[in-house]
Amino acid sequence: MISLTKDMETGVEKIDLQHKELINRINSLVAIGERAASKEETQKTIDYLGEYVVKHFSDEEELQVKSKYPKYPEHKKLHTSFIDDYTKLQKEFAENGNSMDFTMKLNNSLIVWIVKHIKGNDTEFGRYYKAQGL
Ligand SMILES: [Fe+2]
1 MISLTKDMET
11 GVEKIDLQHK
21 ELINRINSLV
31 AIGERAASKE
41 ETQKTIDYLG
51 EYVVKHFSDE
61 EELQVKSKYP
71 KYPEHKKLHT
81 SFIDDYTKLQ
91 KEFAENGNSM
101 DFTMKLNNSL
111 IVWIVKHIKG
121 NDTEFGRYYK
131 AQGL
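What the sequence shown shows, in our numbering, is residues 1 to 134, in sequence order.
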């Protein structure tokens, strides 16, 4: 289980609240993997997280556009490539169901990526956003 640690806080209330929800949904997915839930239930949880990722990224990008964040284009690229990878994983699960490969990709690539992204890219944006007096 992951929790929102101090070094993941961006200081932007809306983003921090959304990260909390994102982590809740990630944890649901991890929990479901651990108790080997049915394919249907797992699929639902994968989609539930995926939907929120899309919503959260787009809200975050909106704040970046509004605050004229200079690193917006590269930040958006990171989001887009994550969504592409996630979509691939979603398809892979729909076709093959649970597998070692799936669980490994989920835990090692996607979850690690999100935590790193929040700690690095998102806190960097948070500092910029607050420096604008927003
Ligand atoms: Fe981000």
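Note that the Cβ used here is the ideal one computed from N, Cα and C, for glycine as well.
Residue i beta carbon near ligand 1 (any heavy atom closer than 7 Å)
{"i": "His19", "result": "no"}
{"i": "Asp47", "result": "no"}
{"i": "Asp7", "result": "no"}
{"i": "Glu60", "result": "yes"}
{"i": "Asp85", "result": "no"}
{"i": "Asn27", "result": "no"}
{"i": "Asp122", "result": "yes"}
Residue closest to residue i, alpha-carbon to alpha-carbon, out of the options
{"i": "Val30", "options": "Asn107, Trp113 and Asp47", "result": "Asn107"}
{"i": "Thr27", "options": "Met1, Glu92 and Lys68", "result": "Residue 27 is actually Asn in this sequence, not Thr. When only C-alpha atoms are compared, the closest one is Met1."}
{"i": "His79", "options": "His56, Tyr69, Val65 and Asp101", "result": "His56"}
{"i": "Phe102", "options": "Ser81, Lys76, Glu74 and Gln43", "result": "Gln43"}
{"i": "Val54", "options": "Ser109, Lys6, Gln18 and Tyr69", "result": "Gln18"}
{"i": "Phe82", "options": "Val115, Leu63, Thr5 and Tyr129", "result": "Val115"}
Distance, residue j Cα to residue i Cα
{"i": "Ser3", "j": "Glu95", "result": "31 Å"}
{"i": "Ser99", "j": "Glu41", "result": "15 Å"}
{"i": "Val112", "j": "Asp59", "result": "21 Å"}
{"i": "Gly11", "j": "Met104", "result": "31 Å"}
{"i": "Lys91", "j": "Asp16", "result": "29 Å"}
{"i": "Glu74", "j": "Val65", "result": "12 Å"}
{"i": "Lys110", "j": "Lys68", "result": "Correcting the residue type first, residue 110 is Leu in the shown sequence and not Lys. Roughly 28 Å between the two C-alpha positions."}
{"i": "Asp7", "j": "Lys119", "result": "6 Å"}
{"i": "Ala217", "j": "Ile46", "result": "As shown, the chain starts at 1 and ends at 134. That puts residue 217 outside it, with no answer to give."}
Interface flag, residue i vs chain C, CB-CB below 8 Å
{"i": "Glu60", "result": "The structure shown contains no chain C, having only a single protein chain."}
Check whether the region 33–42 and the region 124–132 touch, using three or more Cβ-Cβ pairs below 8 Å as the test.
no
Would you check if the region 35–53 and the region 81–91 touch, i.e. whether three or more CB-CB distances between them fall below 8 Å?
yes
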